[in-house]
Each structure stands twice: as C-alpha cells, then as structure tokens.
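Note that full-length UniProt numbering has the sequence shown beginning at 448, numbered continuously upward. In this text, a Cβ means the ideal position worked out from N, Cα and C, and glycines have one as well. Below: the structure, in structure tokens.
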Amino acid sequence: AAKAAGKNRFLRFHPDMMTALVQRTHMEAGLQLAVARGEITVDFQPIVSHRMGQVVTFEALARWDRDGGRVPPSVFIPLAERTGLINEIGAEVMALGMVQLAPWLNEDPSRSLAVNVSGVQLQEPLFAQTVLQLAEASGVAAYQLVLEVTESVFFDADCSLIKQLSTLREEGARVALDDFGTGYSSLGRLQDLPVDTVKIDKTFISMVRTGSERLPILSSMINMAHSLGLTVTAEGVETAAQADYLAALECDSLQGYLFSLPQPGRRMEKALQQAEEALTALKDR
Ligand code: C2E
Ligand code: MG
Ligand code: MG
Ligand code: MG
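Pasting the structure below:
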C-alpha cells in the first residue's frame, strides 16, 4: 500500500491500525483497572502422579472475567508483559495461590503449588525475595513451590535471572520448563539450565491418537530428561490412550482435561476427587 502511494514513501496510518490501537489501549486500561480492583483471580488445575495414584501438584492459572466474558491468558498475559502489569499480576496469582492452597499443602509436604512466571518478573532484582516472603506469610514451605518458566526466558539469560532462580532453588523451590519442545533450545542445552522438571507441550501429547503408534520423539524427550535427572510432566492429556501411553514411557506426572479442568479454589475438593477417579479408571482398564 505504501508503494502504491507513489512518491509518498511513508507508510500511511490506515484506519484499521487506528482501530487496533484504540482497542489495545482500551484493553490495557481495562486490565490496569482490573488489577487495581483485585479482579484477577486464579483457577487451579491438578497434576497427577500415575505411579502414586494421586494429585501431587496444583497449577495456578490467572483468570480475568470482563463484562461477563473471559479474556484468555493468551491475550492478557502478553499485554501485561508489555506494560509491566505482569509484576503485579504475578505477585497476586502467587499470593492467591498460596493462601487458597495452604491448608492442602500443609497436610502433606510432598504436595506442591506450581505458578507460571514470566521472564519480565525474573528481571526484578527482588523477585526471589518477594516469593519467599509471600510463602512465609501464607505458611507455605518454599520447597512446595514450583516455578514454571518457558524456554524463552533463557534465550538471552543474564546472571540476574539465573541468580533469582538459583536463590529460590537453594531454598528448595523447583523450576519447571513449561511448553517444552516448542522453543528454540535443543535437548542438549537442557543440562545447562537451572531446571528440575520439564513439562512436555500439549502439541506433542496430541500426537498420541490410538496409543499404538510409535512416537520416538516423545520417548526421546522423556528418556533424555530422565538421564539428566529431571522429572517429566505431560500437559494437555485428554484421553485414556494418551495417559496409558505416557505411563508406559514412565512419564512422571500428567495434567489435562482427562483429570480435571482448571477450577476455582472453592471447587478444589471436586477437582481432586475427579482427578483421582480418572486415575482409578485408568488402572481398571
Ligand atoms: P500453560 O502454563 O502451559 O498452562 C496450560 C494451559 O493449557 C492452560 O491454559 C490450561 O487451561 C490448558 N489446558 C490444560 N489441560 C488441557 C487439555 O487437556 N487440553 C487443552 N487443549 N488445554 C489444556 P490457560 O489457562 O488458557 O493459560 C494459557 C497460558 O497462559 C499458560 O500456559 C501460561 O503460559 C499463561 N498463564 C496463565 N496464567 C499465568 C500467570 O499467572 N502468569 C503467567 N506469566 N502466565 C500465565
Ligand atoms: Mg504452566
Ligand atoms: Mg504448560
Ligand atoms: Mg502450555
């Protein structure tokens, strides 16, 4: 279009661009208001251990309900990252997660709470300290925390980021590499990263359809992670065939709609029961 404009080589500001800009600014203002009003909430999704037959972790997922509709995290998290609001949202999700799950966590030290952490948050020099303070204030042990980060945070990892993660790991918290397999880093780079767990992205899990196919990529990912001393979680497990397949590959933990949808804290008991029933049904197959 700029070229068609002939001698005028400047890209014209098209009305559609204006609309997009206005929409984004509107959404940004809405998010800022929602954060200030405490309208960001969390849902929890169980992660189960096939071997132990129980729920071992709950992952906290941020929620924003706006004018009766729900804005998906895939929309508002990137927006929050661009505007810096992610620091507040991240702290809120962490605090809500800890407070709501503290009673469940306190019952059994092997249980954990997983929270997604953006690279922007890890740039904050006080990040690790804030997490540890929140844990202390809510009576949750640091070793019961799992911080989920994506491979991209390590892409141009500076020592500050590594230091934040190391501090938390020294206190016993674990780090999980989320959406594993979708990033740029190779399997070979895994051994250099300060992580304890890999979460295999759901795109790989969805490749299991019948359960009798050969998927060397899945078994390689799991074996490689194990040989490096890491544990493996599969995300997006939707069918019994997928769960059986992953259990046969000795995948340590499973998460997905087969066990439970993400649920608000008040429905946690229901989510627990549903997930454990799904596990029992797998054993009975
Ligand atoms: P994620 O951390 O990889 O979380 C898993 C996503 O997959 C969640 O989407 C969950 O609802 C969905 N999911 C769970 N089981 C299944 C399944 O069986 N099938 C399918 N198709 N999907 C399943 P959600 O809640 O929309 O979150 C999307 C992403 O937004 C998250 O991906 C995470 O990267 C980000 N996110 C969510 N909450 C936060 C947060 O508090 N902080 C940060 N930094 N990111 C967050
Ligand atoms: Mg996650
Ligand atoms: Mg994930
Ligand atoms: Mg994911």
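Check                                                                                                                                                       : Outcome
How about Glu595: is its Cβ closer than 6 Å to a heavy atom in ligand 2?                                                                                    : yes
Taking the alpha carbon of Gly586 as the point to measure from, which residue in Glu486, Ala549, Asp603 has its own alpha carbon closest?                   : Ala549
If I'm right that Glu618 touches Ala561 with Cβ under 8 Å, what's the distance once you round it to whole angstroms?                                        : So it is not a contact: roughly 16 Å between Cβ atoms.
Checking 7 Å against the spacing of the C-beta atoms, do Ile647 and Met668 come in under that value?                                                        : yes
Taking Cβ to Cβ, would you say Gly658 is nearer than 7 Å to Ala690?                                                                                         : no
Check the DSSP bridge columns for Arg621 and list the partner residues they point to.                                                                       : Val593
Any heavy atom of ligand 2 closer than 6 Å to the Cβ of Asp643?                                                                                             : no
Using C-beta distances below 6 Å, list every residue in its chain close to Ala449, excluding the 5 sequence neighbours before and after it, in chain order. : Here Ala449 scores only 45 on pLDDT, less than 50, and its place in the model should not be relied on; the value that follows carries that caveat. Closer than 6 Å at the Cβ level, and outside the excluded window around Ala449, lie Leu458.
Buried or exposed: Phe602, going by 16 or more other Cβ atoms within 10 Å of its Cβ?                                                                        : exposed
Which residue spans inside the stretch 618-673 form an unbroken alpha helix (DSSP H) run of at least 4?                                                     : 649-652
If you scan the stretch 505-592 from start to end, which runs of the alpha helix (DSSP H) of 4 or more residues do you find wholly inside it?               : 520-530, 533-554, 566-569, 574-585
By how many angstroms is the C-alpha of Ala694 removed from the C-alpha of Leu640?                                                                          : 26 Å
Measuring from the CB of Glu685, is there a heavy atom of ligand 1 at a distance below 6 Å?                                                                 : yes
Would Ile652 be called buried (16 or more neighbouring beta carbons within 10 Å of its own) or exposed?                                                     : buried
Return helix, strand or coil for Leu701, following the three-state DSSP convention.                                                                         : strand
Which residue or residues does DSSP assign as beta-bridge partners of Ile609?                                                                               : Answer is none; Ile609 lacks a bridge partner.
From the DSSP output, which residues share a beta bridge with Gln492?                                                                                       : Glu506
Have a look at Arg683 and Gln492 and give me their C-alpha separation to the nearest angstrom.                                                              : Correcting the residue type first, residue 683 is Gly in the shown sequence and not Arg. Answer to the nearest angstrom: the Cα atoms are 11 Å apart.
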